[in-house]
Each structure stands twice: as C-alpha cells, then as structure tokens.
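A.B. asks: Taken in sequence, the protein lines are chains A and B. Quick note on numbering: the first sequence equals residues 234 to 343 in the numbering used here. Quick note on numbering: the second sequence equals residues 436 to 549 in the numbering used here. Take a look at the following structure, please.
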Amino acid sequence: DAGITQSPRHKVTETGTPVTLRCHQTENHRYMYWYRQDPGHGLRLIHYSYGVKDTDKGEVSDGYSVSRSKTEDFLLTLESATSSQTSVYFCAIRGSNTIYFGEGSWLTVV
Amino acid sequence: GNSVTQMEGPVTLSEEAFLTINCTYTATGYPSLFWYVQYPGEGLQLLLKATKADDKGSNKGFEATYRKETTSFHLEKGSVQVSDSAVYFCALSPGETSGSRLTFGEGTQLTVNP
C-alpha cells in the first residue's frame, strides 16, 4: 500500500463546470503526478509536482491546472470541463525509485 | 522524445500457456524500464522493473530482461493462470533529471481462459 488516496472516485459533471480532483499521500514523497488513461493511449502525463508550489506541465496539460500547497496534497482542476476530458485520472507518487499509483478517479463530462 | 511500443492486443491464451508480450522503447541515455499490471476497476500495480542493461526483473512468475542492444523489455511467463487476466503496461523512466516521469505504452489486454 503506497498510501495514496484519490477523491472523488467517481464523478459525473456537466460541460462547462469546474471540477477538482484531489490526491492525498501519507508518505511525504516529493514527486507527485497526474495521469489520464484513455483507450488506445495508455496513460499520459498531465502535470507533475516536484515540491510544494513547484509544478510543471506534462504532455496533455491543456485545459488542466494543478496546485500543491502542502506536501501531502496535489490537486488537479479542470477549469471548464469538456466531453474530451471524460477519462480515468490516476495520481501517482515517486518513492524508492519507483512510481506508485492511486486507485483512480472516473470522471464523466456530459 | 521518449516512446514505448507494445505489441497490439488483445491476447487470449489458455491456462498454462506460455506468455510473451513484446515491448520496445526509444530513449536517450539509460532509462529504467517497468512493467505495470492493471486489474479491472483498479489502479496500476508495479509488476517488475529493471534499471540497467542486462538486468532481469521478476515477480509472480513473470520476468523481463533489459536488452539495450535491441531496445527491448519483453514480458514473459511460462505458465499463465486465469488470475493473470489484466492489462499490462510497459513503461520507461528517463531518470532523476526529468522527475522520473513515466512514458507508457498503450497497454496489452490479456485474457486467460480455463
């Protein structure tokens, strides 16, 4: 158990609404990541963080923002959700030279 | 840039059959290589890893050898079980200077029939 909790686990939201997904870790690791998983694409990196208030973009960052005000929490925000952002979102942390994943958040934008 | 290519799925096998899932990569330097497994409705679990050329990662009867000369990291298991049915992802990490971000292949769906 890598000590990662994602919330909410499932959410349905309407197009144009803001959505925030939360990732909480209990291990005090420096690096945290947000990925999205879509059929035919595997997992793609959205944003990552290398410390409190230190974040950087991944390969599919458009339409997403992140914040990390505490070591243990990494938030992913969809400012104005679109149907193309319907996906499964995974948070991950880096510990002991290995990356560990949370259980995922299923987001549907209708 | 970095990339990972996995054999296309889905793969369907009978119980006790031999499994190979091919994985090749493109990367500069000396990346670390990983196999993750995802069971239905769950997150990704690390299955095995190798951090340098000729290393062999192994776990739960699965193994993969880091072949730098062929830029490959094929996953093998001698005798699969129904419980091995899952999606398998090959991934690479370029190392510390890039925040150890993982680049994934598309995943290979494995179904094992009794």
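In this text, a Cβ means the ideal position worked out from N, Cα and C, and glycines have one as well. These numbers come from a predicted model, not from an experiment.
Does the beta-carbon of B/D519 have 16 or more other beta-carbons within 10 angstroms, so that it is buried, or is it exposed?
C.D. replies: buried
A.B. asks: When you check each C-beta in the region 329 to 340 of chain A against every C-beta of chain B, which residues fall closer than 8 Å?
C.D. replies: N330, T331, I332, Y333, F334, G335, E336 and G337
A.B. asks: Rounded to whole angstroms, what is the Cα-Cα separation between B/D489 and B/W470?
C.D. replies: 16 Å
A.B. asks: Mind listing the chain A neighbours of B/K484? Cutoff is C-beta to C-beta under 9 Å, in chain order.
C.D. replies: N330 and T331
A.B. asks: Of all Cβ atoms in chain A, is any one closer than 7 Å to the Cβ of B/E511?
C.D. replies: no
A.B. asks: With a Cβ-Cβ cutoff of 7 Å, do A/G249 and A/S313 count as a contact?
C.D. replies: A/G249 places its beta carbon less than 7 Å from that of A/S313.
A.B. asks: Three-state secondary structure (DSSP) at A/S317?
C.D. replies: helix
A.B. asks: Look at the Cβ atom of B/F508, then the Cβ atom of A/L276, and state whether they are nearer than 7 Å.
C.D. replies: no
A.B. asks: If distances are taken between C-alpha atoms only, which option among A/F334, A/V343 and A/V342 comes closest to A/Q239?
C.D. replies: A/F334
A.B. asks: Do A/T304 and A/V285 come within 7 Å of each other at the CB atom, strictly closer than that value?
C.D. replies: Yes, the Cβ-Cβ distance between A/V285 and A/T304 is below 7 Å.
A.B. asks: On the DSSP bridge assignment, give the partners of A/D306 in chain order.
C.D. replies: A/H257 and A/K303
A.B. asks: Can you tell me the Cβ-Cβ gap for A/F323 and A/Y268, rounded? I've got them flagged as a contact below 8 Å.
C.D. replies: About 5 Å separates the Cβ atoms of A/F323 and A/Y268, confirming a contact at the 8 Å cut-off.
A.B. asks: Once DSSP output is grouped into helix, strand and coil, what is the label at B/V515?
C.D. replies: coil
A.B. asks: So the candidates are B/Y460, B/L454, B/G436 and B/I456; which of them puts its Cα closest to the Cα of B/L527?
C.D. replies: B/Y460
A.B. asks: Once you ignore the five residues that flank B/Y529 on each side, which residues in its own chain have a CB closer than 7 Å to its CB?
C.D. replies: Before going on, a small fix: residue 529 of chain B reads as Pro here, not Tyr. Once the five neighbours on either side are set aside, the close Cβ partners of B/P529 are N437, A462, G464 and P466.
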